[in-house]
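Worksheet: one structure, shown below.
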Amino acid sequence: MKSTNNLLVTLILMAIFGTANAGDTNAVKQLQQWSDKAGSLGNGEKGKAFFTTTHGKEWSCSSCHGNPPTTQGKHASTNKPINPLAPSINPDAFTDQAKSDKWFRRNCNDVLGRECQPQEKADVLTYLISLKK
């Protein structure tokens with residue numbers, strides 16, 4: 404049932420946000436890309452858990468991006484402001500593929516000590532897309 408609900412939410416969000424941004428991509432396209440690579444759809448509940456867990460290291464995603472990531476965050480060591488990650492709040496989030504790839508690579512390394520797997524990225528994006536104003 405939860406899998407069906409996740410699919411329904413993803414399809415609705417794709418319809419809403421599919422053409423909202425003018426960059427070379429958007430969160431929904433990236434979600435589709437990572438879901439395809441993972442071989443399954445993202446799971447928002449797993450994405451939220453992943454986002455807020457430290458994974459054995461000092462930081463979680465939410466350490467800098469906030470919990471929930473619908474307001475401005477702050478880098479945990481530099482205190483530099485970070486724009487909200489939720490596409491419903493920040494329409495520029497995930498609209499530049501190269502920038503998204505760079506930050507996933509850097510941030511996953513900081514949080515996990517490795518790159519995120521495609522399923523982890525799909526789960527996190529599903530969670531972020533589900534967040535509302």
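Take my numbering: the final residue in the sequence shown is number 536, and no numbers are missing along the way.
Idealized CB from N, CA, C, for every residue including glycine.
With a cutoff of 8 Å on beta-carbon distance, aspartate 499 and glycine 426 are scored as near each other.
Across the structure, phenylalanine 454 and cysteine 467 are spaced so that their CA atoms are roughly 11 Å apart. In the three-state scheme derived from DSSP, where H, G and I count as helix and E and B as strand, isoleucine 492 is classed as coil. Under the DSSP assignment, arginine 517 falls outside any alpha helix (DSSP H); it carries neither an H nor an E label. As a beta-bridge residue in DSSP terms, glycine 476 pairs with Ile485.
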